[in-house]
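S.K.: Below is the structure I would like to discuss, written out as structure tokens.
Number of protein chains: 2
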Amino acid sequence: MPPSRSLTARERARAELTSEIKAQARIQLAEHGAGGLSLRAIARELGMVSSAIYRYFPSRDDLLTALIIDACTDLGDAVEQAGKAHRKPRLRWRACCTAAREWALEHRQEYALIYGSPVPGYAAPQDTVAPAARVPLVLLDALRGAHHDGQLTPAFAGPALSLTLKAQVEAVAEATGTDLPADAVTRAILAWTQLFGMISFELFGQLVGSVDPSKPFFDHCVESMADFVGLPA
Amino acid sequence: MPPSRSLTARERARAELTSEIKAQARIQLAEHGAGGLSLRAIARELGMVSSAIYRYFPSRDDLLTALIIDACTDLGDAVEQAGKAHRKPRLRWRACCTAAREWALEHRQEYALIYGSPVPGYAAPQDTVAPAARVPLVLLDALRGAHHDGQLTPAFAGPALSLTLKAQVEAVAEATGTDLPADAVTRAILAWTQLFGMISFELFGQLVGSVDPSKPFFDHCVESMADFVGLPA
DNA sequence: GCAAAGTGTGAGCACTGCTCTCGTTGTGGA
DNA sequence: TCCACAACGAGAGCAGTGCTCACACTTTGC
Numbered sequence: 001m002p003p004s005r006s007l008t009a010r011e012r013a014r015a016e017l018t019s020e021i022k023a024q025a026r027i028q029l030a031e032h033g034a035g036g037l038s039l040r041a042i043a044r045e046l047g048m049v050s051s052a053i054y055r056y057f058p059s060r061d062d063l064l065t066a067l068i069i070d071a072c073t074d075l076g077d078a079v080e081q082a083g084k085a086h087r088k089p090r091l092r093w094r095a096c097c098t099a100a101r102e103w104a105l106e107h108r109q110e111y112a113l114i115y116g117s118p119v120p121g122y123a124a125p126q127d128t129v130a131p132a133a134r135v136p137l138v139l140l141d142a143l144r145g146a147h148h149d150g151q152l153t154p155a156f157a158g159p160a161l162s163l164t165l166k167a168q169v170e171a172v173a174e175a176t177g178t179d180l181p182a183d184a185v186t187r188a189i190l191a192w193t194q195l196f197g198m199i200s201f202e203l204f205g206q207l208v209g210s211v212d213p214s215k216p217f218f219d220h221c222v223e224s225m226a227d228f229v230g231l232p233a
Numbered sequence: 001m002p003p004s005r006s007l008t009a010r011e012r013a014r015a016e017l018t019s020e021i022k023a024q025a026r027i028q029l030a031e032h033g034a035g036g037l038s039l040r041a042i043a044r045e046l047g048m049v050s051s052a053i054y055r056y057f058p059s060r061d062d063l064l065t066a067l068i069i070d071a072c073t074d075l076g077d078a079v080e081q082a083g084k085a086h087r088k089p090r091l092r093w094r095a096c097c098t099a100a101r102e103w104a105l106e107h108r109q110e111y112a113l114i115y116g117s118p119v120p121g122y123a124a125p126q127d128t129v130a131p132a133a134r135v136p137l138v139l140l141d142a143l144r145g146a147h148h149d150g151q152l153t154p155a156f157a158g159p160a161l162s163l164t165l166k167a168q169v170e171a172v173a174e175a176t177g178t179d180l181p182a183d184a185v186t187r188a189i190l191a192w193t194q195l196f197g198m199i200s201f202e203l204f205g206q207l208v209g210s211v212d213p214s215k216p217f218f219d220h221c222v223e224s225m226a227d228f229v230g231l232p233a
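Residue numbers (the UniProt record's numbering), protein chains in the order written: chain D, 1 to 233; chain V, 1 to 233.
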């Protein structure tokens, strides 16, 4: 009975098996995609009976949800870490975008889990919203750096914000604790959708007939959008 | 034995049943999503035995592929028709973008089929590429209209195209038979990825914490991107 | 008129998610 | 130290799936 020092044997075993299941699930995910993920196959591979899995995950969808959350955190870590490596806002922006794409290329099925179509009757709305929000936060942070240096100068004025949009965006700014003007936040969200639109198109094969391989196009867009949001060269 | 005038009774029956199957499939698709599409359930609903379906579609994936192609054509029709309703390039651009979003909102599961994660070990690459290319073609066409009037003036210069990208984009221009400069085509592709990135984010629930409901944001982005590609007001 | 092709039937295989019961085993309190 | 209890794994079983096959029956084209 370890009072504070650690977990009981059973708890350790549980934690270990839980992550073993998830690891095996990730393997199957990479091989057969989200649709081909089978609890029975995982159990078989782990040398246990299928019903035992249900001691750890109440249902297949719960396993999927756990994988989604893990994937979000993993992607968030990758992007955050890439951002931290640079101080100059534009370099930071570049690094974040590139890191997102590279993570996606290395974890195709997990990316599809997060940004593809919601697989079941989509199970996981709330638990995944916080970890999924990390990437746009990092992008906003790059903008904030430039803004504080007085160097955030959008490439062109652009249309004025409607009242509803302005209110929404100001709520976002408040929630994320940023002091960027509504206009800049809006541009950042636009760039965010562009970034993941581009990555999704590349991964899901929508660009095959046109700009494929897509790295040159991707790099160009990252620069274009950096100009668009107003990051100094 | 109708020599030229029409199809034989069997052929008519076949065509009819084929589309009945697809219709029932679309119903199930809208209700349970792509993962929940069941051949047996379709057969049951149509009052036939499940194995009979295989006379019409060799496999579940083939049915899915047929649905994807139908969805692409449907979306393409909607966007093209919306485009045709306007002569002024910017209005045309607006109409196309809005039509794409509205179609997506009205056909969520079918949209997910086309632009979501490739469901199986993705089955359908070649047959779907032509119909899927129609939307970007319509967008390019709006640009072409402005270009011919000498009114296509991008909002800012933007980064220069790398050699590889330039070559790729010129190949796209040639393949689509447009005389737009490489720079304009690149901007159009960027806008295309932004458009569908935004729609996907809205449909797949990525915008819930931020700009939701998304119409104001969508409209703003459409205008922003119209400025970006250089469409005159 | 008749062989051939097309079509619906029903049984069956291998697989899935999930539930339930039944022994076993580790846990924490008395 | 013992013991009740919770957690756990095993195995059978249910309902559902995609898909195949041999079998009848009907339409087609020569």
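Don't be surprised by glycine CBs; every beta carbon is placed ideally from N, CA and C.
Please confirm if the region 171 to 186 of chain D is in contact with the region 28 to 44 of chain V, defined as three or more CB-CB distances below 8 angstroms between the two stretches.
M.R.: They do not touch, by the three-pair rule.
S.K.: Is it buried or exposed for residue 148/D, if we count other Cβ within 10 angstroms and need 16 for buried?
M.R.: Flag for residue 148/D reads exposed.
S.K.: Out of curiosity, what's the CA-to-CA distance linking residue 282/D and residue 165/V?
M.R.: Nothing can be reported for residue 282/D: it is not among the residues displayed for chain D, which extend from 1 to 233.
S.K.: Checking contacts by CB at 8 angstroms: is residue 161/V closer than that to chain D?
M.R.: Cβ-Cβ to chain D under 8 angstroms: yes for residue 161/V.
S.K.: Pick out whichever of 98/V, 112/V and 216/V has its Cα sitting closest to the Cα of residue 35/V.
M.R.: It is 112/V.
S.K.: Beta carbon of residue 197/V, beta carbon of residue 196/D: below 8 angstroms?
M.R.: Yes.
S.K.: Less than 8 angstroms separating the beta-carbons of residue 231/V and residue 89/V?
M.R.: Contact flag set, yes.
S.K.: What's the gap between the Cα of residue 217/D and the Cα of residue 210/D?
M.R.: So the two alpha carbons sit approximately 10 angstroms from each other.
S.K.: Answer with yes or no whether the minimum CB distance from residue 52/V to chain D is below 8 angstroms.
M.R.: Closer than 8 angstroms: no.
S.K.: For residue 1/V, count neighbouring C-beta atoms within 10 Å of its own C-beta (all shown protein chains included) and say buried if the count is 16 or more, exposed if not.
M.R.: Summary for residue 1/V: the model assigns pLDDT 38, below 50, so the residue's position carries little reliability; its value from the coordinates is reported in the next sentence. By the 10 Å Cβ count, residue 1/V comes out exposed.
S.K.: Residues of chain D with CB closer than 9 angstroms to the CB of residue 197/V, please, in chain order.
M.R.: In chain order: 192, 193, 194, 195, 196, 197, 198, 199, 200 and 201.
S.K.: Any beta carbon from chain V within less than 8 angstroms of residue 74/D's own beta carbon?
M.R.: Taking Cβ atoms only, chain V never reaches closer than 8 angstroms to residue 74/D, which makes this a no.
S.K.: Between which two residues does the alpha helix (DSSP H) harbouring residue 207/D extend?
M.R.: From DSSP, residue 207/D is part of no alpha helix (DSSP H); its letter is neither H nor E.
S.K.: Quick one: what's got a C-beta closer than 6 angstroms to residue 134/V's C-beta in the same chain, skipping five residues either side?
M.R.: Excluding residues within five positions, the ones whose Cβ falls inside 6 angstroms are 76.
S.K.: Just to check my reading of the structure: residue 152/V and residue 146/V have Cβ atoms closer than 8 angstroms, yes? What is that Cβ distance to the nearest angstrom?
M.R.: Indeed, because the Cβ distance is near 4 angstroms, the residues count as touching under 8 angstroms.
S.K.: What residue range is occupied by the uninterrupted alpha helix (DSSP H) comprising residue 117/V?
M.R.: Element bounds for residue 117/V: n/a, residue is neither H nor E.
S.K.: Would you decide whether residue 115/V is buried or exposed? Buried here means 16 or more other CB atoms lie within 10 Å of its CB.
M.R.: That one is buried.
S.K.: Any idea what DSSP makes of residue 219/D, helix, strand or coil?
M.R.: Of the three classes helix, strand and coil, the one that applies to residue 219/D here is helix, per DSSP.
S.K.: Since residue 100/V contacts residue 83/V with CB under 8 angstroms, what's their CB separation in whole angstroms?
M.R.: With 8 angstroms as the limit, residue 100/V and residue 83/V do not qualify as a contact, their Cβ atoms being about 10 angstroms apart.
S.K.: Ignore the nearest five residues each way along the sequence and tell me which others in residue 56/V's own chain have a CB closer than 7 angstroms to its CB.
M.R.: Counting only Cβ-Cβ distances below 7 angstroms, and skipping sequence neighbours, we find 17, 18 and 21.
S.K.: Under 8 angstroms between the Cβ atoms of residue 140/D and residue 78/D?
M.R.: Result no, Cβ atoms of residue 140/D and residue 78/D do not sit closer than 8 angstroms.
S.K.: Output the distance between the C-alpha atoms of residue 8/D and residue 52/D, rounded to the nearest integer angstrom.
M.R.: So the two alpha carbons sit approximately 20 angstroms from each other.
S.K.: Kindly indicate which three-state DSSP category residue 65/D falls into: helix, strand or coil?
M.R.: In this structure, residue 65/D counts as helix in the three-state DSSP scheme.
S.K.: Confirm, please, whether the CB-CB distance from residue 194/V to residue 193/D is below 8 angstroms.
M.R.: Their beta carbons are under 8 angstroms apart, which means residue 193/D touches residue 194/V by this criterion.
S.K.: Are the CB atoms of residue 154/D and residue 69/D nearer to each other than 8 angstroms?
M.R.: Going by C-beta atoms, residue 154/D is not nearer than 8 angstroms to residue 69/D.
S.K.: Which two residues bound the contiguous alpha helix (DSSP H) that contains residue 49/D?
M.R.: Where residue 49/D is concerned, there is no enclosing alpha helix (DSSP H), given that its DSSP letter is neither H nor E.
S.K.: Does the beta carbon of residue 206/V sit closer than 8 angstroms to a beta carbon anywhere in chain D?
M.R.: Yes, its Cβ sits closer than 8 angstroms to a Cβ of chain D.
S.K.: Quick one: what's got a C-beta closer than 6 angstroms to residue 93/D's C-beta in the same chain, skipping five residues either side?
M.R.: Same-chain partners within the cutoff: 142, 226 and 231.
S.K.: By the DSSP assignment, the alpha helix (DSSP H) with residue 19/D in it spans what residues?
M.R.: Note, residue 19/D: alpha helix (DSSP H), 9 to 32.
S.K.: For residue 81/V, count neighbouring Cβ atoms within 10 angstroms of its own Cβ and tell me buried if that reaches 16, exposed if not.
M.R.: Exposed, because fewer than 16 other Cβ atoms sit within 10 Å of the Cβ of residue 81/V.
S.K.: Which residues of chain V have a Cβ atom closer than 7 angstroms to the Cβ of residue 223/D, listed in chain order?
M.R.: Ordered by position in chain V, the residues that pass the 7 angstroms Cβ test against residue 223/D are 159.
S.K.: Do residue 65/V and residue 127/V have their CB atoms nearer than 8 angstroms?
M.R.: Contact: yes.
S.K.: Please report the distance separating the alpha-carbon of residue 45/V from that of residue 13/V.
M.R.: Each residue's Cα considered, the two are about 18 angstroms apart.
S.K.: Out of 191/D, 129/D, 221/D and 207/D, which has the shortest C-alpha to C-alpha gap to residue 222/V?
M.R.: Of the candidates 191/D, 129/D, 221/D and 207/D, the one whose C-alpha sits nearest the C-alpha of residue 222/V is 191/D.
S.K.: Identify whether residue 156/D lies in helix, strand or coil by the three-state DSSP scheme.
M.R.: In the structure shown, residue 156/D sits in coil (DSSP, three-state: anything other than H, G, I, E or B).
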